[in-house]
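Structure, as structure tokens:
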Amino acid sequence: MMSAIDSSQHDAIRRVVAAIPRGCVSSYGEVAARAGLPGRARLVGRVLGEAGPEPGLPWQRVLRSDGRIAFPAGSSAFREQARRLRAEGVAVVRGKVDLRRFGWGRGDLDALLWAPPGDR
DNA sequence: GGCGTGACTATAC
DNA sequence: GGTATAGCCACGC
Numbered sequence: 001m002m003s004a005i006d007s008s009q010h011d012a013i014r015r016v017v018a019a020i021p022r023g024c025v026s027s028y029g030e031v032a033a034r035a036g037l038p039g040r041a042r043l044v045g046r047v048l049g050e051a052g053p054e055p056g057l058p059w060q061r062v063l064r065s066d067g068r069i070a071f072p073a074g075s076s077a078f079r080e081q082a083r084r085l086r087a088e089g090v091a092v093v094r095g096k097v098d099l100r101r102f103g104w105g106r107g108d109l110d111a112l113l114w115a116p117p118g119d120r
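Residue 81 in full-length UniProt numbering is what sits at position 81 of the first sequence, and the numbering runs on without skipping anything.
Dropping the structure here:
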């Protein structure tokens, strides 16, 4: 038997989450894909929930595919995630983050959209 | 071993 | 913007 699903996959997911740069966000699906587990976004959510408030694991940088926080709006976890994101400089508007600006690897567009007036 | 559930996603209307 | 539906997979009962 080789139920190698045990910790190797969980470890891969946690490693990817830990690799998300500060001030950037990613999605469950993207984390799963980068961890070599395409299509297993739900597993990412389960791993993060199981990991809980582990230091060094920036769980707040993982959002749904549309940039919205995965928790129910107004819930304790929801507000905590929004608070931690804003503390990193990530703008959270109505429980949502603009992936065009803060998505992992899409920061270059930020400079374009936020170019000072008269420069474009 | 079936069944419901969930920190998901894509597509369609 | 919203709801509905289907696919996805680990877990607890």
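Quick reminder that beta carbons are idealized off the backbone N, C-alpha and C, glycines included.
Range of the contiguous alpha helix (DSSP H) that encloses S75: Note, S75: premise wrong, no alpha helix (DSSP H); not H, not E.
As assigned by DSSP and simplified to three states, the class of S7: helix
Reduced DSSP category for R101 - H, G, I as helix; E, B as strand; rest coil: helix
The segment 18-28 / the segment 46-62 touching (three or more Cβ pairs under 8 Å): yes
8 Å Cβ cutoff met for I69 and G105: no
DSSP beta-bridge partners of L63: S27
Beta-bridge pairing of R68 - partner residues as DSSP gives them: K96
Length of the line joining the Cα atoms of L85 and A91: 7 Å
Assigned secondary structure, V90 (DSSP; H/G/I helix, E/B strand, else coil): coil
Residues near S65 by beta carbon distance below 7 Å, same chain, minus five either side: S27, G29
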